[in-house]
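Student: I'd like to ask you about the structure that follows.
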Amino acid sequence: MFSQFDLHERLLKAVAELNFTEPTPVQVEAIPPALAGRDLRVTAQTGSGKTAAFVLPVLNRLIGPARPRVSIRAVILLPTRELAQQTLKQVERFAQFTFLKAALVTGGEDFKVQAANLRRCPDILIGTPGRLLEHLNAGHLELNEVEVLVLDEADRMLDMGFAEDVERLCNECAGRQQTLLFSATTGGAALRDIIGKVLKDPQHLMVNSVTDLSANTRQQIITVDHPAHKEQVVQWLLANETYRKAIVFTNTRAMADRVYGHLVALEVKAFVLHGEKDMKDRKLAIDRLKQGGAKVLVATDVAARGLDIDGLDLVINFDLPHNGDEYVHRVGRTGRAGAEGLAISLIGHLDWNRMSSIERYLKQQFERRVIKEVKGTYSGPKKVKASGKAAGTKKKKVEKKTATSKAPAKRKPAAKPSLSSADGMAPLKKR
Ligand code: AMP
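Numbering (this note's numbering), first residue to last: 1096 to 1526.
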């Protein structure tokens, strides 16, 4: 029940109007400390309800009788225009019974119109770092009265190269009383650096719940022999599984393009998203998926971050993610709001040990699945250690090297960043 939170009645009225009955785990954990004014670092993925987890406390802080708008009081920074637009919508819905006004400032929109909106001094400014800085540099923006700053999808903003811009904007909000940072993953050194610089004694909430994954989503592995075999398996799955929408993850842009090309050749209605695609491609892909014109998205992790697509019930890890955190982030996109989801990882012999590390991280074993129609020869290591990892693989490699003269020649290209090396399997001859 949302009434468990000490939220203003006008906000509770909006929550009821939106038919939000039960708060999600991230809302349960983040709303009380955020209302108490604490800085927060929250690890939670898109779809967890994280937007309401920061929007409600921000609105609660600003709510009050109507008063002249003289300064921007809250800033929400996000990595992409579409995420900013989604967030504006949520802010407007939650603020519908208040006098608070929000404005959007993102790239790709008319600069002068934005400047005019900024002159009206919205209470809440939602935007992407690059464009906000442009307005700041043009003298259209003053942030020294900002009371609360939110960095949403902070890990993605850093991945997209916004670290300096984010830091500068945080410094501009020098008088702020509270900073709330949300990220989908626990991030790396860059995220730790920004956390150290912008948060004061933050409470860290981890809501990327590993346990949530298992509740609604079946997790399976299928062993595979080589990239072309993976393509066969994906083709079979997309043709035979029951799903509304599917996402196929690869670890590299090149592999995303390759898988996409393969699907298009099979007349599968698919889209591809990776770091080289621009905002227009991204928007088109997302719109088509949302409207149902396409059922399949092929994507890399960075490109897929922040996507909130309804009805996504099949995740295929064409390439196994690098670690458990990334796995949770990918697979957490299915089985939302009680719906059933299915996650399938394709495992070549060089992926086995990483897969078993991910199983240990999740404290569960994936279902081993064999599809007769596309069964390969590899079916996992002959022997496994107690940890689940393959036993004696190192020894075998040495034996192989000395036993055949072809083996080293075969392995050589794997050292280069090629399509075949990227997926952790022995390279194919024909490519
Ligand atoms: P988010 O993770 O903030 O992008 O939210 C994902 C979706 O869940 C959005 O469409 C929200 O409107 C919806 N949502 C968030 N919290 C709740 C809730 N407590 N009850 C029902 N729907 C919710």
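Virtual Cβ for every residue (Gly too), placed ideally from N, Cα, C. For clarity, every value in this text was computed on a predicted model and none was experimentally measured.
R1091 by DSSP, collapsed to three states: which one?
Tutor: Nothing about residue 1091 can be reported from this structure: the residues present for the chain run from 1096 to 1526 only.
Student: On the DSSP bridge list, what partners appear for H1299?
Tutor: R1136
Student: For E1124, count neighbouring Cβ atoms within 10 angstroms of its own Cβ and tell me buried if that reaches 16, exposed if not.
Tutor: Under this definition E1124 is a buried residue.
Student: So, D1218 versus L1195, is the Cβ gap smaller than 9 Å?
Tutor: yes
Student: Got a sec? Which residues, its chain only, sit under 7 Å from V1150 by beta carbon, not counting five neighbours each side?
Tutor: Q1185, V1186 and F1189
Student: Measuring alpha carbon to alpha carbon, tell me which residue in L1135, G1388, H1324 and L1409 is nearest A1249.
Tutor: Closest in alpha carbon position to A1249, among L1135, G1388, H1324 and L1409, is L1135.
Student: Would you tell me roughly how many angstroms separate the C-alpha atoms of K1295 and F1115, rounded to the nearest one?
Tutor: Note on geometry: alpha-carbon atoms of K1295 and F1115 lie some 31 Å from one another.
Student: Cβ of N1311 within 8 Å of any heavy atom in the ligand AMP?
Tutor: no
Student: Are P1128 and D1101 closer than 9 Å when you measure CB to CB?
Tutor: no
Student: Distance check for V1170 and Q1272, CA to CA, integer angstroms please.
Tutor: 12 Å
Student: Tell me whether T1119 counts as near the ligand AMP, meaning its Cβ is closer than 8 Å to at least one heavy atom of that ligand.
Tutor: yes
Student: Would you check if the distance between the CB atom of E1177 and the CB atom of R1377 is smaller than 9 Å?
Tutor: The Cβ-Cβ distance between E1177 and R1377 falls below 9 Å.
Student: Name the DSSP beta bridge partners of I1171, please?
Tutor: I1221 and V1245
Student: Mind checking whether the beta-carbon of Q1191 lies closer than 8 Å to any heavy atom of the ligand AMP?
Tutor: Checking the Cβ of Q1191 against the ligand AMP gives no.
Student: Could you pull the start and end residues of the alpha helix (DSSP H) that I1453 belongs to?
Tutor: W1447 to L1457
Student: Is it true that the CB of L1409 sits closer than 9 Å to the CB of K1340?
Tutor: yes
Student: Between I1316 and the rest of its own chain, which residues show a CB-CB distance below 8 Å, the 5 nearest in sequence each way excluded?
Tutor: I1439, S1440, L1441, I1442, M1450, F1461, E1462, R1463 and R1464
Student: In terms of DSSP beta bridges, what is K1340 paired with?
Tutor: L1407
Student: Which value, in whole angstroms, describes the spacing of the CA atoms of H1299 and G1475?
Tutor: Each residue's Cα considered, the two are about 38 Å apart.
Student: Quick check: does the Cβ of L1195 come within less than 8 Å of any heavy atom belonging to the ligand FAD?
Tutor: Although the ligand FAD was asked about, the structure shown includes only the ligand AMP as ligands.
Student: Helix, strand or coil, according to DSSP, for E1237 in the structure here?
Tutor: coil
Student: How should N1155 be labelled, buried or exposed, when 16 other C-beta atoms within 10 angstroms of its C-beta is the threshold for buried?
Tutor: Buried: at least 16 other Cβ atoms inside 10 Å.
Student: Between G1427, F1366 and H1321, which has its C-alpha nearest Y1473's C-alpha?
Tutor: By alpha-carbon distance to Y1473, the top candidate from G1427, F1366 and H1321 is H1321.
Student: With F1413 and L1392 assumed to form a contact (beta carbons below 8 Å), what rounded beta-carbon distance in angstroms separates them?
Tutor: Incorrect: roughly 12 Å between the Cβ atoms, too far for contact.
Student: Considering only heavy atoms of the ligand AMP, does any lie closer than 8 Å to the CB of G1144?
Tutor: yes
Student: Figure out for me which residue from A1380, E1336, E1259 and T1337 has the closest Cα to the Cα of Y1355.
Tutor: A1380
Student: Counting pairs of Cβ atoms below 8 Å between the region 1103–1122 and the region 1140–1148, do you hit three or more?
Tutor: Short answer: they touch.
Student: Suppose the cutoff is 6 Å on Cβ atoms and the five residues either side in sequence are ignored; what does the same chain contact list for K1501 look like?
Tutor: Residue placement at K1501 cannot be trusted, given a pLDDT of 43 that sits under 50; the coordinates are not used to answer.
Student: T1337: buried (16+ other C-beta within 10 angstroms of its C-beta) or exposed?
Tutor: exposed
Student: Quick one: Cα of A1285 to Cα of D1247, how far?
Tutor: 15 Å
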